[in-house]
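Residue numbers (my numbering): 6 to 87.
Just below is one structure, and these are the notes that go with it.
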């Protein structure tokens, strides 16, 4: 989400963005939060609840599973040659 996109966003759209699964991992989350709270006069509690409810911890779960595989003796693939 760049500056042009944020100007087209409504407070309701910003809230829907914040409610999306893993929105906290998206590059535009700070701008959506700012827009919802400042431009849309949104409630801080609602914004926090939206972000927390959508958090699924996919990236962290994958890292844990990768660590388990390494602990169990799996050899990580070699890095591709550029």
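Yeah, the Cβ is synthetic: ideal placement off N, Cα and C, and Gly gets one too.
DSSP state of residue 30, grouped into three classes?
Reduced to three states, the DSSP call for residue 30 is helix.
Could you check the C-alpha separation between residue 80 and residue 70 for me, to the nearest Å?
Approximately 13 Å, taken between the alpha carbons.
Buried or exposed: where does residue 57 fall if 16 or more other Cβ atoms within 10 Å of its Cβ makes it buried?
Result: exposed.
If you draw a straight line from the C-alpha of residue 54 to the C-alpha of residue 13, how long is it?
Taking the straight line joining both Cα atoms gives about 24 Å.
Pick helix, strand or coil for residue 61, following the three-state DSSP scheme.
The answer is coil: DSSP assigns residue 61 none of H, G, I, E or B.
Looking at the structure shown, is residue 46 part of a helix, part of a strand, or coil, going by DSSP?
It is coil, neither helix nor strand.
By how many angstroms is the C-alpha of residue 76 removed from the C-alpha of residue 83?
About 17 Å.
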